[in-house]
Amino acid sequence: LLYYGRILVVFRHHPLAGAVPRWGVARVLVKESALPKVDYKQAQRLFDLGKTAFNARTVAPPNLSRSIGYLEEARLYLAGADERPPLYYDIGKTLTKAKRELQETFDSHIFAAEQAIRFGERERARESLRELLQYIPDEEDARHEEARSRLDALESQ
359 LLYYGRILVV FRHHPLAGAV PRWGVARVLV KESALPKVDY KQAQRLFDLG KTAFNARTVA
419 PPNLSRSIGY LEEARLYLAG ADERPPLYYD IGKTLTKAKR ELQETFDSHI FAAEQAIRFG
479 ERERARESLR ELLQYIPDEE DARHEEARSR LDALESQ
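Residues 359 to 515, numbered by this note's numbering, are exactly what the sequence shown covers, in order.
Rendered as structure tokens:
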């Protein structure tokens, strides 16, 4: 379940050989806050910051996540408006694009790490996972947790 890009509940299934499959709740995160007052100028400012960070995503990996944060916050400043202005939809398009790119980055780095492991190139797998952690610095993000877990497992071998 997602709320403004935050994971509220994660269900994990780790089957054990010969055991009855069990499901459990691995994480529950609930953050409640009131919507900010509608502020078109603040939304525009945050949107501009989000676009700037998105355009600089190749300069520094955390800029992609940073852009998502700015864009999500910008959208909040318009969420309470009686009629949603065009800016709201512009924010949504850019946010969707940034989230899609972050997910694709995650998928490609995980794939590269798995492939490196299959070929016995553990150091290349570690490098891929370390780089991925730079793209997803938020430790509350399940993708960060997965990358960290895989990296820790590799480093303990």
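For every residue, glycine included, the Cβ atom is placed at its ideal position computed from N, Cα and C.
Output the distance between the C-alpha atoms of Tyr361 and Gln492, rounded to the nearest integer angstrom.
-> The predicted position of Tyr361 is uncertain, since its pLDDT is 48 and thus under 50; no value can be drawn from it.
Which residues bound the alpha helix (DSSP H) around Ser466?
-> Where Ser466 is concerned, the enclosing alpha helix (DSSP H) stretches over 444 to 476.
Segment limits, alpha helix (DSSP H) that includes Thr410 = Run containing Thr410: 398 to 413, per the alpha helix (DSSP H) assignment.
Given 8 Å as the limit, is there contact between the region 441 to 458 and the region 467 to 475, that is, 3 or more CB pairs closer than that?
-> Touching, no.
CA-CA distance, Asn421 and Lys409?
-> So the two alpha carbons sit approximately 10 Å from each other.
Touching or not, the region 394 to 405 and the region 426 to 445, by the rule of three or more beta carbon pairs under 8 Å?
-> Counting Cβ pairs under 8 Å, three or more are found: they touch.
With DSSP as the reference, label Glu497 as helix, strand or coil.
-> Assigned with DSSP and collapsed to three states, Glu497 falls in coil, not helix or strand.
Taking one C-beta from the region 417 to 434 and one from the region 479 to 495 each time, how about it: are there three or more such pairs within less than 8 Å?
-> Yes: at least three Cβ pairs fall under 8 Å.
With distances taken from CA atoms, which of Ser507, Gly478, Leu434 is nearest Pro394?
-> The shortest Cα separation from Pro394 among Ser507, Gly478, Leu434 belongs to Leu434.
Continuous alpha helix (DSSP H) stretch holding Leu429: start and end | Leu429 -> alpha helix (DSSP H) spans 420 to 437.
Answer with buried or exposed for Tyr428, where buried requires no fewer than 16 other C-beta atoms within 10 angstroms of its C-beta.
-> Under this definition Tyr428 is a buried residue.
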